[in-house]
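Take any residue in the sequence shown, note its place counting from 1, add 65, and you have its number in the working numbering.
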Amino acid sequence: MSGPHPPWDAGWYLPARHLASPNFGPRPAGAAIELVLVHSISLPPGRYGGDEVQRLFTNRLDWDAHPYFQQIRGLRVSAHFYVRRTGELWQFVSCDDRAWHAGASSWRGRADCNDYSIGIELEGLEGATFETAQYDALARLCDALASRYPLTGIAGHEHVAPGRKSDPGAGFDWPDLRARLAWTPRVFVSAEPPAGREEPGPAITVTPTADRRET
């Protein structure tokens, strides 16, 4: 009797809705995928439930549809995943590829987080709170990622680009996510060591259960 159907097709997570973005590239040769990077996004800011994020990630956003969009006109970005307020999960880029989500960034003394991270956008406003369904979906996704990739850390965009980015912000409940994942606390330590480059710890072990770019 065969086991449960694997949740992956190459770098695509099968439980997610798939909408391919053109905004991606190859990871550097030999790059290990070690970091989950949590973001927040809403377009326009504070408005939920539309398809503007999907349109942004696929270069189909109508820049004239809202005054705020003039501030990001021409932006070409993507994330691997997007979690709606309802917990609905979308995927835009294969996890085996490099999405454009982190921009200038550094994690534990290592630059260019896009090279070795998985970007997950939560529908929300930086500093505001998030929904229980989003934490549920995020925790399931993180465990699925850890079962496939040698993850050693998880952080927010604010931690890898301090002073430039502030998402997901103070409203994101890191203790809640830690409790749901039950990963070693070291996974959640500060993004930057006191001095020098900190060597990554062992990969997370998961117990099996039923034009303008952010480059």
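Don't be surprised by glycine CBs; every beta carbon is placed ideally from N, CA and C.
Of all the CB atoms in chain D, is at least one closer than 7 Å to the CB of Arg173? In summary, chain D is missing from the structure at hand, where a single protein chain is found.
Return the first residue and the last residue of the beta strand (DSSP E) that Gln199 is part of. Stepping through the sequence shown from its first residue, residue 199 is reached at position 134. For Gln199, there is no enclosing beta strand (DSSP E); the enclosing alpha helix (DSSP H) covers residues 197-213.
Quick one: measure Cβ to Cβ for Asp162 and Pro91, integer angstroms, because I've assumed they're closer than 8 Å. For the purposes of this step, residue 162 is identified with residue 97 of the sequence shown, where counting begins at 1. For the purposes of this step, residue 91 is identified with residue 26 of the sequence shown, where counting begins at 1. Going by Cβ atoms, the distance from Asp162 to Pro91 rounds to 6 Å, so yes, they are a contact pair.
Is the separation between the beta-carbon of Thr123 and that of Ser86 shorter than 7 Å? Residue numbering aside, residue 123 sits at position 58 when the sequence shown is read from its first letter. Residue numbering aside, residue 86 sits at position 21 when the sequence shown is read from its first letter. Yes; because the gap between Cβ atoms is below 7 Å, this pair is in contact.
Beta-carbon proximity list for Arg281, same chain, < 7 Å, skipping 5 on both sides: The shown model of the chain, from 66 to 280, leaves out residue 281, and the question about it has no answer.
Report the residue ranges of all alpha helix (DSSP H) runs contained in full by the segment 81-151; include only those spanning at least 4 residues, in chain order. Qualifying alpha helix (DSSP H) stretches, in chain order: 117-122.
In the DSSP assignment, the beta strand (DSSP E) including Leu154 goes from what residue to what residue? Here residue 154 is taken as the residue at index 89 of the sequence shown, counted from 1. Unbroken beta strand (DSSP E) run through Leu154: 154-156.
Cβ distance (whole Å) where Val148 is taken to contact Ile185 below 8 Å: Working through the sequence shown from its first residue, we reach residue 148 at position 83. Working through the sequence shown from its first residue, we reach residue 185 at position 120. The pair is a contact, with the Cβ atoms about 7 Å apart (cut-off 8 Å).
Can you round the beta-carbon distance between Arg213 and Leu154 to whole angstroms, since I take them to be within the 8 Å contact cut? Residue 213 sits at position 148 when you count from the first residue of the sequence shown. Residue 154 sits at position 89 when you count from the first residue of the sequence shown. With 8 Å as the limit, Arg213 and Leu154 do not qualify as a contact, their Cβ atoms being about 15 Å apart.
Can you give me the start and stop residues for the beta strand (DSSP E) that Ala220 sits inside? For the purposes of this step, residue 220 is taken as residue 155 along the sequence shown, with counting starting at 1. Here the beta strand (DSSP E) through Ala220 covers 218-221.
Using the rule of at least 16 other Cβ atoms within 10 Å of the residue's Cβ for burial, across every protein chain shown, is Asp232 buried or exposed? Taking the sequence shown and counting its residues from 1, one reaches residue 232 at position 167. That one is buried.
In three-state terms, what does DSSP make of Asp74? Position 9 of the sequence shown, counted from the first residue, corresponds to residue 74. Strand, per DSSP.
C-alpha distance - Leu216 paired with Val101, whole-angstrom precision: For this step, residue 216 is matched to residue 151 along the sequence shown. For this step, residue 101 is matched to residue 36 along the sequence shown. When rounded, the distance between both Cα atoms is 7 Å.
Check the C-beta distance from Ser107 over to Glu188 and give it rounded, since I have them as a contact under 8 Å. To locate residue 107, count along the sequence shown from 1; it is residue 42. To locate residue 188, count along the sequence shown from 1; it is residue 123. About 6 Å separates the two Cβ atoms, so the contact holds.
Near Ala209, which residues of its chain fall below 7 Å by C-beta distance, leaving aside the five closest residues on each side in sequence? Here residue 209 is taken as the residue at index 144 of the sequence shown, counted from 1. Correct list, in chain order: Pro72, Tyr78.
State buried or exposed for Ala144, treating a residue as buried only when at least 16 other CB atoms are found within 10 Å of its CB. For the purposes of this step, residue 144 is taken as residue 79 along the sequence shown, with counting starting at 1. Ala144 should be labelled buried.
Compute the distance between the beta-carbons of Ala198 and Leu246, then report whether it is under 7 Å. Position 133 of the sequence shown, counted from the first residue, corresponds to residue 198. Position 181 of the sequence shown, counted from the first residue, corresponds to residue 246. Not a contact, by the Cβ cut-off of 7 Å.
Where Cys180 and Pro93 are concerned, what is the direct C-alpha to C-alpha distance, given to the nearest angstrom? Numbered from 1 along the sequence shown, position 115 holds the residue referred to as residue 180. Numbered from 1 along the sequence shown, position 28 holds the residue referred to as residue 93. The sequence as given places Asp at residue 180; Cys does not occur at that position. Distance between the alpha carbons of Asp180 and Pro93 is about 7 Å.
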